[in-house]
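S.K.: As given, the protein sequences belong to chains A and B, one line each in that order.
Per the working numbering: the first sequence = residues 2 to 853.
Per the working numbering: the second sequence = residues 584 to 1078.
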Amino acid sequence: MKLRRIHVCSASYMHLAITCLFVSSLMAQDSTEAPSRIHFSKEILPILSDACFQCHGPDAKARKADLRLDKESSALGSRDTSSPVIIPGKAHLSTLIQRLVTEDADEKMPPPELGRPLNASQIDLLRQWINQGAKWGKHWSLNPVVRPLPPRHDVHPVDAFIEHELKREGLQAQASADRRTLIRRLALDLTGLPPRSSELNAILSNQTESWWDEAIDRYLASPAYGERMAWHWLDAARYADSNGYQGDRERTMWPWRDWVVDAFNRNLPWDTFTLWQLAGDLLPAPTHEQRLATGFCRNYMINGEGGRIAEENRVDYVIDMTETMGTVWLGATLNCARCHDHKYDPFTQKEYYQLFDFFNQTPVTGGGGDPQTAPILAVPSPDQAKAIADAFAESQSARKNLEKMMVEHAPAIHAWEIQRRKALSDPMAQDVKEADKENLNTLREALFKPTEERSKTQTEIILKAYITSDPPLAEARQYSKNNKERLQRLRAVVPKVMVMQDQENRRPTPMLERGLYHRKGTEVTAAIPASMPALQTSDRIPNRLDLARWLISPDHPLTARVTVNRFWQQLFGTGLVKTAEDFGIQGEFPRHLELLDWLSYEFITSGWNVKKLLKTIMTSQAYQRLSTTTEALIEVDPENRLYARATRYRLPSWVIRDQALSAAGLLDSTLGGPPVNGYQPDGVWEDATFGNKKYRRDKGRKLYRRSLYTFWRRIIAPTLFFDTANRQTCNVDHKRTNSPLHALTTLNDTTFVEAARGLATRAMQETSTQEAILHRVYEYILARAPFSQEVEVWLKSLSRAREHFETRPEATEAWLSHGEGLWPSDLDSIELAAWSTVCLGILNMDETLNRE
Amino acid sequence: MKPSLPQSLESGLRVNRRHFFGRGSTGIGVAALASLMERKGLLSGTGPGMKDARMAALPSLPHHPAKAKRIIYLFQNGAPTHVDLFDHKPGILPLHGKPVPESYFKGKRFSTMTGDPSGKLILSPVEPFKQHGQSGAWVSRFLPHTAKIADELCFVKSMHTDAVNHAPAISFFLSGAQIPGRPTLGAWLTYGLGVESDNLPGFVVMTSVSKGTTCGQIFYDFYWGSGFLPTRYQGVKFRGNGSPVLYLEDPAGMSAALKRGLVDDIGAINRLKHARMGDPEIETRIAQYEMAYRMQTSVPELTDLSEEPEHVLDLYGPQVREQGTFAYNCLMARRLIERGTRYVQVMHAGWDQHNSLTTELYTQCKDTDQPSAGLVMDLKQRGLLEDTLVVWGGEFGRTPFIQGDINNRPKWGRDHHPYAFTVWMAGGGVQPGLSYGASDELAMNAVENPVHVHDLQATLLHQLGIDHTQLTYKFQGRYYRLTDVHGHVVNDLLS
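(1) Pull up the distance between the alpha-carbon of Gly1070(B) and that of Met742(B), whole angstroms please.
(2) So the candidates are Lys351(A), Gly327(A), Leu283(A); which of them puts its Cα closest to the Cα of Thr926(A)?
(3) Rounded to the nearest angstrom, what separates Phe449(A) and Arg422(A) at their Cα positions?
(4) Taking 8 Å as the CB-CB limit, is Leu742(A) close to chain B?
(5) Leaving out the 5 sequence neighbours to the left and right, which residues in its chain are closer than 7 Å to Arg292(A) when beta-carbon positions are compared?
(6) Can you pull the chain B residues whose beta carbon is under 8 Å from the beta carbon of Thr690(A), in chain order?
(7) Mind reading off the beta-carbon distance from Met837(B) to Trp816(A)? Whole number of angstroms is fine, and I expect it under 8 Å.
(8) Going by DSSP, name the residue or residues bridged to Ser396(A).
(9) What do you get for Lys700(A), buried or exposed, if any count of 16 or more other CB atoms within 10 angstroms of its CB means buried?
(10) Following the continuous beta strand (DSSP E) through Phe712(B), name the residue where it begins and the one where it ends.
(11) If we cut at 8 Å on Cβ distances, does His341(A) have a partner in chain B?
(12) List the residues of chain A whose Cβ lies closer than 8 Å to the Cβ of Ser750(B), in chain order.
(13) Does the segment 650–664 of chain A come close enough to the segment 731–746 of chain A to have 3 or more Cβ pairs within less than 8 Å?
(14) Using a Cβ-Cβ cut-off of less than 7 Å, give me the residues of the segment 972–993 of chain B that come near chain A, in sequence order.
(15) So, for Pro676(A): in the same chain, excluding its five sequence neighbours on each side, which residues have a beta-carbon less than 8 Å away from its beta-carbon?
(16) Using the rule of at least 16 other Cβ atoms within 10 Å of the residue's Cβ for burial, across every protein chain shown, is Gln175(A) buried or exposed?
(17) Would Thr773(B) count as contacting chain A if we go by Cβ distances under 8 Å?
(18) Against chain B, with Cβ distances strictly below 8 Å, would Ala812(A) count as a contact?
(19) On a Cα-Cα basis, can you pick out the residue from Ile553(A), Ser142(A), Ala535(A) that is closest to Ser42(A)?
(20) Can a CB atom of chain A be found closer than 8 Å to the CB of Pro827(B)?
(21) Over the uninterrupted alpha helix (DSSP H) stretch that includes Val754(A), give me the two end residues.
(22) Taking contact to mean at least 3 C-beta pairs separated by less than 8 Å, is the segment 768–784 of chain B in contact with the segment 716–733 of chain B?
(23) Measure from the C-beta of Pro682(A) to each C-beta in chain B and report whether the shortest distance is under 8 Å.
(24) Grab the span of the alpha helix (DSSP H) containing Phe274(A) for me, first residue to last.
(25) Is Asp1(A) helix, strand or coil when you go by DSSP?
(26) Out of curiosity, what's the CA-to-CA distance linking His289(A) and Leu855(B)?
(27) Does the contact criterion of 3 or more C-beta pairs under 8 Å hold for the segment 270–279 of chain A versus the segment 538–549 of chain A?
(28) Distance, Cα to Cα, Ala761(A) vs Leu833(A)?
(29) Output yes if chain A places a C-beta closer than 8 Å to the C-beta of Met860(B); else output no.
(30) Going by beta carbon distance, what residues of the same chain come within less than 8 Å of Asn1028(B), once the five residues before and after it are set aside?
(31) For Pro195(A) and Ser663(A), which I take to be in contact (beta-carbon distance under 8 Å), what is that distance rounded to the nearest angstrom?
(32) For Gln928(B), which of helix, strand or coil comes out of DSSP?
(33) Leaving aside the five residues before and after Gln133(A) along the sequence, list all residues of the same chain whose C-beta is less than 7 Å from its C-beta, in chain order.
(34) Please report the residue range of the alpha helix (DSSP H) in which Pro473(A) lies.
(35) How long is the line joining the alpha carbons of Gly1048(B) and Lys652(B), rounded to whole angstroms?
(36) When burial is assigned at 16 or more other CB atoms within 10 Å of the CB, is Arg508(A) buried or exposed?
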């Protein structure tokens, strides 16, 4: 009985129910409250969905007994055959409850063979809900975003929402983190780089109250901000530098990638960012940039495998574009509806193909494996654009000059013709090489034909022969030809980005049975699923532009929520909705729904201002807390979903690399451009492709570019990175695993060994005592000074390393020779080798690998 | 009152709590909790610091007593021709050169290279067949070593699949879905059953291809991916040249002793950190650095063949010492499972005989026949075959009709064929000396006891003590499993 009460009070949080077994204080607290009203979308819908929808849900084909529990009318309304399964206010009379509790195995629901029985507390919840009147509702994420009132007005609204929940759980929030921790957290979160010493000191010496605001602004304004933000967008957009599949040909989508960085840096409003990427090409008189943005859609893999059916490929591409849109903007697992009606969410298979139809209108046929399959957009660099413009002008002028000369020569041509005819009639004149005979015959044939009867080719032959006979003219022609070719060469090397375009004639969209391209069913046209806000286009069939505008309309329930959640995920390690990819019924119900809605509302009304949103979140206390964990916090909230502490999590592997390069003073911060190939063990590509793809490591500064610019080969991703999205299909969640292979990478890879030497060099050049050097290294990488116990460990480590190198000159030489960089000769090599070893250790500290 | 727990239990609780909450478990008793911690070695007093880097098994597993503890899957990429290797059909011979009767292919889909099979000519097997051993299993002259151990093998001659192109078909075999993104067999096994080795991965993949082959197939990493399971369950690919694991070797200048010291120092610093922060993930990190250090010695030990006697090496054939060959990988598979690896996926490409039945197929067989048979014999003589399941087969079969010109023998080929093909298994509780199921008279369609890919998957899991319908993972709102919503254990195959 006692247990049941708990479930009533903290009902949806099953884990809390479990925790209550251990935490008796909570039981006492909860038992004093009266049973609260049960929330349908939060507490009932997930149970029905999990246990019942497979046979009594949206999927018409799988439906049993003609009963739907996803629809109020079917569950509560009058059914023809029998009484409704739910009788509001009367749980004991409701068939639903009876079937859940019966001991009769034939009657029991859910069928025992499903292996997913409901537990007593879940049944109890259903009973309570029915007794409370069985009030039906909509799944939360489909309800409009309304601005909730923060529970308090004297604190930051984000904190007001969070504190409210913390209070309910009786949890004590952690204090604010110290400034240094905060600055490192801020720099890593917004730029993916550790704070530079100059930045650190500037921020630390800011004594004003607005120091934190100013610090945030400083990093939001950094060009590195766009690079940091772009990474996750590239994951979602499945960006890569090759096609994927067999052959894996190289593509040139990187100007689109640079556009993304730039868009973040100039804070392009999210609605525009969305609109351009999904449908920039369909805007009236689209600009180059608006067309370039649509490269987003075209980042899908291209299958050039021999024997593949073109249409099958094409369908795959359209599926990919549709489902990517679904995940990124709707948080919808549309893929479930590809083969049948969605089992849980209100998407029918028909509605899937209606969405599919929006993307089904490009002229792409699916044939071949061209990594620059039209429609494409040439994106020259400024230098290239200038060179092309110059070459074009020159080529035009050369051609005009030639034409002018030809006009001048017109009378002479006639005379020449007569003279040639005469010459060619003379048998003595035919003393030519065998090889030229044929040409001569063709010329003769042309010359002896009356002018008006000559074919176009024949006229050209005569002109050509005439020009050859006149050196100045021949030279002018050659010059014109050279210029034309130069222009072609220049244009050929300009990167071409695959972009969107709809073909003139509508391509019909049949529903595809089981998603198979050749199993065509009823034809459908573009439309929005019925469960979502309507899209009005009067009589016209809507197109991608309508779809994009619909997504960014201020009353859309999903776009803002799904987007805000991803930004929250970037800052707190996990989204307010943990299932960033699924806002459907099987996704997580947000513990902080009101906070999510408040932020979403603010986001929309701010004009979809991303920087402002980030700043709003980052100015909250919740963001600025210590990430220190206590027993109580782990007990009640192991995953930190209540934000009593800041989340501590391992940095993405690409940030770990960039951080090391930056701290070592090696980072090349050039923005944009073609991808680069950094350090990678020999033979990795060759091994994976039977030698078809040869890895050519870049040299010099390119080795130290930010990870964002690393060439991403789809069939064999850069080996240095781990836990990254595969860049094959859309990915919006963040993987974090903890494997020995990661340790091997950061301990043994050239990048890190070289960065360790860079760190040591930098610190040794700036200062001299052991303690001072260690302090510097800690500051570069961790923005703090070492604790005395740490100093002790590392100085012991230093002397061990020194001993090792003292007696081993070859080892010293080898240890200092990793990577392309050179070490300064004025530093003692044994000392540098020893410090490099310590620095490698520091680069591998858990704190270094974590954002905390 | 909160029950007071010993220190080591406390720390186990922290790690494990996330573990089971993440799995959406509907409730957990103290008993289950204790069992979880036992698995982690926390009750047996391995002390603080979570030295044990191993991955624990799910508490619900095994579902039933396992017949096999591990699997070696000898995957033959490209689809070996069942018509020429295993599926003896006397009915084909008189039809050689004659068009394939329509009744055999009506309504079926072939690759674009074949298109419509109307008028395609039946092609007899290139080499003759003979029955072998007590069991009288049919094996062609292409595979003399396999023929010799026929009595150890269980041939499934009625396999069929849904896919007609390589990558989707291989993905289908290994992950249960044609489109990449689902966990593969090895990932499911390590997720479900955990990892037994302290210093080697639980799921290892090795790949090879015959020299001089014209095959351009690629080993995609989704063939051993963990899909939506955490990435620690994905296969670790051992490379075919140089160091088998990337970044395994100490950079030049570093010594083992210096590295030992450095890893200890990192550990010491991390323990200080843990004391300050209380984050249990730090303990895992300490353990993983320890494992990384140990792998740096255990992997070289694994690949050091100096202790292998000549007569054992000879079992695997002449290429066994050459890293990157199928023979070498077969030997390595044995050495891995001896050291606790749960699942080894040895993949050999080049079986795609579109126009090379009379040429490259010979090399293909020569490179794989003896090592495959050698591995089975080696496992047997060590007593490992009993609880090790070896599987041999490709992603589909090849057409009984010709691809190419029947008058141009050097270019004879066969196209992709999903409707009937052969897979063999050995050890691990499957019946030795059994030929199960059959295709029709032309080896065209599986007609007697057809075995679908999902059935084979269900059977493999069954042998490891897993009910394929119960090993599930919730992702994007749906419970996924290796066999999707299909598959039946083929009990007739089991001894």
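Beta carbons: idealized from backbone N, C-alpha and C, even for Gly.
M.R.: Based on what the coordinates show:
(1) Numbered from 1 along the second sequence, position 487 holds the residue referred to as residue 1070(B). Numbered from 1 along the second sequence, position 159 holds the residue referred to as residue 742(B). When rounded, the distance between both Cα atoms is 13 Å.
(2) Chain A is shown only over 2 to 853; residue 926(A) falls outside these bounds and no answer can be derived.
(3) For the purposes of this step, residue 449(A) is taken as residue 448 along the first sequence, with counting starting at 1. For the purposes of this step, residue 422(A) is taken as residue 421 along the first sequence, with counting starting at 1. Computed Cα separation, rounded: 7 Å.
(4) To locate residue 742(A), count along the first sequence from 1; it is residue 741. For Leu742(A), the answer is yes, since a Cβ of chain B falls inside 8 Å of its Cβ.
(5) Numbered from 1 along the first sequence, position 291 holds the residue referred to as residue 292(A). Cβ within range, chain order: Gly281, Asp282, Leu378, Val500.
(6) On the first sequence, residue 690(A) is found 689 positions in, with the first residue counted as 1. Within 8 Å Cβ-Cβ: Ile801.
(7) Here residue 837(B) refers to the residue found at position 254 when the second sequence is read from its first residue. Here residue 816(A) refers to the residue found at position 815 when the first sequence is read from its first residue. Indeed they touch by this definition, with Cβ atoms about 7 Å apart.
(8) Stepping through the first sequence from its first residue, residue 396(A) is reached at position 395. According to DSSP, which records beta bridges pairwise, Ser396(A) is partnered with nothing at all.
(9) Here the question's residue 700(A) lines up with position 699 in the first sequence. Lys700(A) is exposed by the Cβ-count criterion.
(10) Translated into the one-based positions of the second sequence, residue 712(B) becomes position 129. Segment 712–715, the beta strand (DSSP E) holding Phe712(B).
(11) To locate residue 341(A), count along the first sequence from 1; it is residue 340. Not closer than 8 Å to any Cβ of chain B, the Cβ of His341(A) fails to qualify, so no.
(12) Numbered from its first residue, the second sequence carries residue 750(B) at position 167. For clarity, residue 750(B) is Ala in the given sequence; the question names Ser instead. Per Cβ cutoff of 8 Å: Tyr246, Gln247, Glu306.
(13) yes
(14) none
(15) Position 675 of the first sequence holds residue 676(A). So the qualifying residues of the chain are Asp242, Trp255, Tyr710, Thr711, Phe712, Trp713.
(16) Counted from its first residue, the first sequence places residue 175(A) at position 174. The residue is buried, with at least 16 neighbouring Cβ atoms inside 10 Å.
(17) Within the second sequence, the letter at position 190 stands for residue 773(B). Cβ-Cβ to chain A under 8 Å: no for Thr773(B).
(18) In the first sequence, residue 812(A) corresponds to position 811, counting from 1. It does; some Cβ of chain B falls within 8 Å.
(19) As a working mapping, residue 42(A) is identified with position 41 in the first sequence. Considering only alpha carbons, the answer is Ser142(A).
(20) As a working note, residue 827(B) is residue 244 in the second sequence. False, the Cβ-Cβ gap to chain A never drops below 8 Å.
(21) Walking along the first sequence from the start, residue 754(A) turns up at place 753. Taken as a continuous stretch (DSSP letters only), the alpha helix (DSSP H) holding Val754(A) covers 751–767.
(22) no
(23) Here residue 682(A) refers to the residue found at position 681 when the first sequence is read from its first residue. For Pro682(A), the answer is yes, since a Cβ of chain B falls inside 8 Å of its Cβ.
(24) Here residue 274(A) is taken as the residue at index 273 of the first sequence, counted from 1. Run containing Phe274(A): 271–280, per the alpha helix (DSSP H) assignment.
(25) As shown, chain A starts at 2 and ends at 853. That puts residue 1(A) outside it, with no answer to give.
(26) What you label residue 289(A) is simply residue 288 of the first sequence in a count that begins at 1. What you label residue 855(B) is simply residue 272 of the second sequence in a count that begins at 1. Roughly 55 Å separates the two Cα atoms.
(27) yes
(28) Mapped onto the first sequence, residue 761(A) falls at position 760. Mapped onto the first sequence, residue 833(A) falls at position 832. Ala761(A) and Leu833(A): Cα-Cα distance of roughly 7 Å.
(29) Counting from 1 along the second sequence, the entry for residue 860(B) is found at position 277. So, interface residue.
(30) For the purposes of this step, residue 1028(B) is identified with residue 445 of the second sequence, where counting begins at 1. Excluding residues within five positions, the ones whose Cβ falls inside 8 Å are Tyr687, His743, Tyr1002, Ala1003, Ser1022.
(31) Translated into positions along the first sequence, residue 195(A) becomes position 194. Translated into positions along the first sequence, residue 663(A) becomes position 662. Indeed they touch by this definition, with Cβ atoms about 6 Å apart.
(32) Along the second sequence, one-based indexing puts residue 928(B) at 345. Of the three classes helix, strand and coil, the one that applies to Gln928(B) here is strand, per DSSP.
(33) Start at 1 with the first residue of the first sequence, and residue 133(A) comes out as number 132. These residues qualify, in order along the chain: Arg38, Ile39.
(34) Numbered from 1 along the first sequence, position 472 holds the residue referred to as residue 473(A). Where Pro473(A) is concerned, the enclosing alpha helix (DSSP H) stretches over 472–493.
(35) Here residue 1048(B) corresponds to residue number 465 of the second sequence, with the count starting at 1. Here residue 652(B) corresponds to residue number 69 of the second sequence, with the count starting at 1. The alpha-carbon atoms of Gly1048(B) and Lys652(B) are separated by roughly 9 Å.
(36) In the first sequence, counting from the first residue as 1, residue 508(A) sits at position 507. Counting Cβ neighbours within 10 Å, Arg508(A) comes out exposed, since fewer than 16 surround it.
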